[in-house]
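Q:
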Amino acid sequence: DGGITQSPKYLFRKEGQNVTLSCEQNLNHDAMYWYRQDPGQGLRLIYYSQIVNDFQKGDIAEGYSVSREKKESFPLTVTSAQKNPTAFYLCASSTGAAGGYTFGSGTRLTVV
Amino acid sequence: GDSVTQMEGPVTLSEEAFLTINCTYTATGYPSLFWYVQYPGEGLQLLLKATKADDKGSNKGFEATYRKETTSFHLEKGSVQVSDSAVYFCALTDHGTSYGKLTFGQGTILTVHP
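Chains as they are written, first to last, in this note's numbering: chain L, 1 to 112; chain W, 1001 to 1114.
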């Protein structure tokens, strides 16, 4: 079955470390997105990519980085510059048409 | 910029009660509107959508009508079940400005008691 796979489901990071969250899709979608979810704040866009080897900053890109070397993969790195990284991270992909979004099951990142 | 405002929760109902979750939006282009549902510990699932004014989206007993004149997309269900307990997000994508990006409301937690 086609879908989006995020890994790991839970991730713990020490202060000052970089961590990378994986997102893989086999839906043949061109566009991919990373959102951050905090309680009571909905979802906020971190980065998005409409095509391989191209990506744009979203609303809260500071302290994050991404790459899009393959159509199927859009990993997110949470750097030590991100001041408050503890959150639930959701990856999504889209055909670009209205309603074509598919979400992964998320990664919960906790700083210890 | 684009924005979505949902009624504040949490909302607590008894089984078989009527549900309304209000959603209003601001967009500079020509938005499509969505309701997503999130069950505990999971990602978001598309519940319903509407792509132009006066369209009604419906799924699993839930309905919402795209009202351009009031910039609203309120979610309704005539008789809720315990299994409807989840977080509901209203969202838009504005085809006139930001290709494919979804802008979300803050989410409304719904709890349904037997």
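We put the beta carbon where it would ideally sit given N, CA and C, even for glycine.
Is there a C-beta anywhere in chain L that falls below 8 Å from the one on D1029 of chain W?
A: Taking the second sequence and counting its residues from 1, the one referred to as residue 1029 of chain W is at position 29. This sequence places Gly at residue 1029 of chain W; Asp is not what is there. Not an interface residue.
Q: Within 8 Å (strictly less), CB to CB, does F1104 of chain W reach chain L?
A: Counting from 1 along the second sequence, the entry for residue 1104 of chain W is found at position 104. By this cut-off, F1104 of chain W is an interface position.
Q: On the CB-based measure, 16 or more other CB atoms within 10 Å of its CB, does F1018 of chain W come out buried or exposed?
A: Your numbering for residue 1018 of chain W matches position 18 in the second sequence. The residue is exposed, with fewer than 16 neighbouring Cβ atoms inside 10 Å.
Q: Report the residue from W:V1037, W:Q1038, W:P1040, W:D1002 whose alpha carbon sits nearest the alpha carbon of Y1030 of chain W.
A: In the second sequence, residue 1030 of chain W corresponds to position 30, counting from 1. The shortest Cα separation from Y1030 of chain W among W:V1037, W:Q1038, W:P1040, W:D1002 belongs to W:D1002.
Q: Using beta-carbon positions only, say whether C91 of chain L and Y33 of chain L come within less than 8 Å of one another.
A: Locating residue 91 of chain L in the first sequence gives position 91, counting from the first residue. Locating residue 33 of chain L in the first sequence gives position 33, counting from the first residue. In this structure, Y33 of chain L lies closer than 8 Å to C91 of chain L by Cβ.
Q: Here's the rule: buried if 16 or more other CB atoms are within 10 angstroms of the residue's CB, otherwise exposed. What is S1014 of chain W?
A: Taking the first residue of the second sequence as position 1, residue 1014 of chain W is located at position 14. Exposed, by the Cβ-count rule.
Q: Using a Cβ cut-off of 8 Å, pull out every chain W residue sitting near L90 of chain L, in sequence order please.
A: As a working note, residue 90 of chain L is residue 90 in the first sequence. Correct list: G1043, L1044.
Q: Give the list of continuous beta strand (DSSP E) stretches no shorter than 3 residues that lie fully inside the region 1015-1049 of chain W.
A: Within the region 1015-1049 of chain W, the complete beta strand (DSSP E) runs of at least 3 residues are 1019-1021, 1023-1026, 1031-1038.
Q: Got a sec, what are the start and stop residues for the beta strand (DSSP E) T1051 of chain W sits in?
A: Translated into the one-based positions of the second sequence, residue 1051 of chain W becomes position 51. Per DSSP, T1051 of chain W belongs to no beta strand (DSSP E) and is neither H nor E.
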